[in-house]
Amino acid sequence: MTAERRAVIVIGGGPGGSTAAWRLALAGLRPLVLDAAVFPRVKVCAGWVTPTALADLELDPEKYPLTLQAFSACRLEVDGARHETRWRRPASYGIVRREFDHYLLERAGAAGAEVRDGARVTGIEAGAPGVRVETTLGVFEAECVVGAGGHRCPVAHALGEVSAHETVVAAQESETRLPADRAAALAPLMDAPELYVEPDLRGYGWYFPKQDVLNIGVGITDAADGSLPRRREALLAALRASGRVPADLALAPFRGHAYVVRRQAPRRLAGPRFCLVGDAAGLARDLSGEGIGPAIRSGRLAAEAVEAWLRHGTPLEGYAARIVALYGRGEPGWLGRQAARVPAAIARAAVRLSVGLGPARRHLVFGSIFGMRESEEVAR
Ligand SMILES: Cc1cc2nc3c(=O)[nH]c(=O)nc-3n(C[C@H](O)[C@H](O)[C@H](O)COP(=O)(O)OP(=O)(O)OC[C@H]3O[C@@H](n4cnc5c(N)ncnc54)[C@H](O)[C@@H]3O)c2cc1C
0 MTAERRAVIV IGGGPGGSTA AWRLALAGLR PLVLDAAVFP RVKVCAGWVT
50 PTALADLELD PEKYPLTLQA FSACRLEVDG ARHETRWRRP ASYGIVRREF
100 DHYLLERAGA AGAEVRDGAR VTGIEAGAPG VRVETTLGVF EAECVVGAGG
150 HRCPVAHALG EVSAHETVVA AQESETRLPA DRAAALAPLM DAPELYVEPD
200 LRGYGWYFPK QDVLNIGVGI TDAADGSLPR RREALLAALR ASGRVPADLA
250 LAPFRGHAYV VRRQAPRRLA GPRFCLVGDA AGLARDLSGE GIGPAIRSGR
300 LAAEAVEAWL RHGTPLEGYA ARIVALYGRG EPGWLGRQAA RVPAAIARAA
350 VRLSVGLGPA RRHLVFGSIF GMRESEEVAR
């Protein structure tokens with residue numbers, strides 16, 4: 000079978016892949032995007048995005064035409080104590096992934112990317128003549144590929160030297176669009192997102208409103224003990240007891256999956272003919288699990304690297320160095336290793352203390368860990 004040939008193929012059309020494709024298309028390189036799903040597709044995700052992520056997308060939240068809720072407050076609960084932080088301007092946003100991802104992919108298409116959805120990549124082979132990409136819609140060849148296929152990205156698994164011992168976050172969420180009367184009745188509770196720190200500090204639950212959409216969920220690291228369903232049920236019981244989820248409100252089923260967070264030696268992020276972005280590169284933030292922002296930022300950087308390689312022969316490995324400079328190597332430094340040895344009771348007391356102090360909560364917990372900053376504080 001003859002293969003169709005392209006300069007660059009982006010595998011995966013989530014935020015990482017669509018951002019890379021959009022930037023490549025603006026640079027005049029007409030990338031081909033292949034995604035297994037047919038868009039608009041559901042993506043299991045709370046849909047919490049930071050101002051930095053929207054700035055990287057050059058997306059004005061006031062002009063975004065689909066579901067988006069801006070948040071100038073957030074509540075955080077630890078050991079039953081609830082604390083609220085307020086900002087003068089929005090410090091984070093809620094979007095619906097099915098809409099958001101489709102919007103970004105269509106924008107990449109409008110900029111000149113060729114998008115083929117419903118094309119599952121089944122094999123990747125990189126060699127001297129280029130990269131061979133086998134898909135359910137036929138075979139393609141390219142000078143190089145951007146691996147943006149999320150946690151199970153075929154490029155990462157073929158070329159990224161993925162270790163079997165990576166730390167993953169396991170998360171489950173339920174997203175329900177509320178009937179108008181329900182949304183109106185719950186409106187006083189749906190003005191701000193709420194986070195509930197798990198008692199053993201292994202993760203957190205969330206109550207996350209997005210206009211008339213309610214997303215609730217829980218995520219933890221190291222879910223091998225099978226405790227995620229118990230934590231989910233405990234969260235649900237607490238939300239029902241407090242009236243945040245009325246007893247007779249039917250929620251969409253919980254769904255979830257695991258994904259890698261940046262807490263170990265990174266995957267091989269780039270090689271002679273490939274680079275990995277977003278979840279494929281394991282870039283989600285360690286403590287918050289935020290993966291959309293890193294997918295978008297790495298998509299931009301990958302597009303710059305691919306353009307420099309195609310036009311000037313600059314090796315793609317420089318991309319890996321930029322990612323490490325931005326997100327670190329993923330391995331804990333001296334301080335992180337010492338912190339891991341602190342007894343659980345002391346760690347809990349330290350968390351309670353920093354959450355209870357307004358400035359520490361604003362700058363350390365919400366700012367540094369969750370990336371919530373007022374728009375003018377956002378540095379590019
Ligand atoms: C329950 C849960 C809640 C979360 N909440 C948040 C949150 O609120 N905020 C946040 O920032 N992050 C959140 N995350 C993480 C976030 O969803 C991911 O980090 C983010 O989607 C990564 O984007 P991406 O573009 O790298 O990959 P994805 O969005 O996963 O996109 C990958 C794309 O590749 C396609 N693909 C996969 N395999 C193939 C193949 N073989 N061939 C072709 N195409 C393929 C898929 O169809 C998909 O469209 C959450 C994750 C979970 C599980």
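Per this note's numbering, the sequence shown starts with residue 0, numbered consecutively. No residue lacks a Cβ here, since even glycine has one placed at the ideal position from N, Cα and C.
So which of the options has the shortest CA-CA distance to residue i?
i    : options                   : result
G277 : L28, A302 and R254        : A302
S162 : R201, L23, S226 and V260  : V260
V364 : D285, G290 and A233       : D285
L380 : E98, A20 and A2           : The structure shown does not extend to residue 380, since the chain is modelled only from 0 to 379, so the question has no answer here.
C152 : D221, L300 and R266       : R266
L158 : Q68, P271, H256 and R87   : P271
G202 : V32, G216 and V212        : G216
F207 : L104, L194, A109 and I219 : L194
L325 : D190, S297 and G79        : S297
E113 : W86, A19, P30 and A26     : P30
F253 : V350, S241, L227 and A269 : L227
A251 : R88, P178 and P14         : P178
A80  : V196, A257, R243 and A240 : V196
E160 : D100, I295 and F273       : F273
V244 : E124, G15, A186 and I295  : A186
On the CB-based measure, 16 or more other CB atoms within 10 Å of its CB, does residue i come out buried or exposed?
i    : result
R379 : Residue placement at R379 cannot be trusted, given a pLDDT of 41 that sits under 50; what the coordinates show is reported in the next sentence. Flag for R379 reads exposed.
E57  : exposed
A451 : Nothing can be reported for residue 451: it is not among the residues displayed for the chain, which extend from 0 to 379.
K209 : buried
I368 : exposed
A118 : buried
E3   : exposed
A320 : exposed
A344 : exposed
G357 : exposed
T220 : buried
T1   : exposed
T135 : exposed
E232 : exposed
S17  : buried
R328 : exposed
Just how far apart, CA to CA, sit residue i and residue j?
i    : j    : result
G366 : V354 : 12 angstroms
F371 : C73  : Correcting the residue type first, residue 371 is Met in the shown sequence and not Phe. Using only the alpha carbons, I get a separation of about 9 angstroms.
E373 : R347 : 28 angstroms
V168 : L282 : 12 angstroms
R181 : A246 : 12 angstroms
E83  : L200 : 19 angstroms
V120 : V130 : 13 angstroms
A45  : I291 : 10 angstroms
L248 : L352 : 36 angstroms
G126 : I10  : 18 angstroms
R96  : F38  : 11 angstroms
H150 : A184 : 38 angstroms
L238 : A52  : 29 angstroms
G204 : L188 : 16 angstroms
S173 : N214 : 6 angstroms
E398 : A24  : Only positions 0 to 379 of the chain appear in this structure, which leaves residue 398 out of reach.
R310 : V7   : 12 angstroms
E306 : R229 : 48 angstroms
R40  : V341 : 43 angstroms
C143 : V132 : 10 angstroms
A279 : G317 : 18 angstroms
From the DSSP secondary-structure annotation, give me the bridge partner or partners of residue i.
i    : result
K42  : Note: K42 sits in no beta bridge, so no partner.
L309 : Answer is none; L309 lacks a bridge partner.
E226 : According to the sequence displayed, residue 226 carries Ser and not Glu. Its beta-bridge partners do not exist; DSSP assigns none.
S173 : I215
Q68  : G93
E57  : In DSSP, E57 forms no bridge with anything.
Y195 : E76 and G204
H404 : What is shown of the chain runs 0 to 379, which leaves residue 404 out entirely.
T220 : V168
E3   : F139
E133 : G122 and V138
L275 : G146
Y84  : Correcting the residue identity first, residue 84 is Thr in this sequence and not Tyr. Note: T84 sits in a beta bridge opposite C73.
D34  : D116
W47  : G93
Can you find a C-beta in chain D that's less than 8 angstroms from the C-beta of residue i?
i    : result
A141 : Among the chains in the structure shown there is no chain D, since it carries only a single protein chain.
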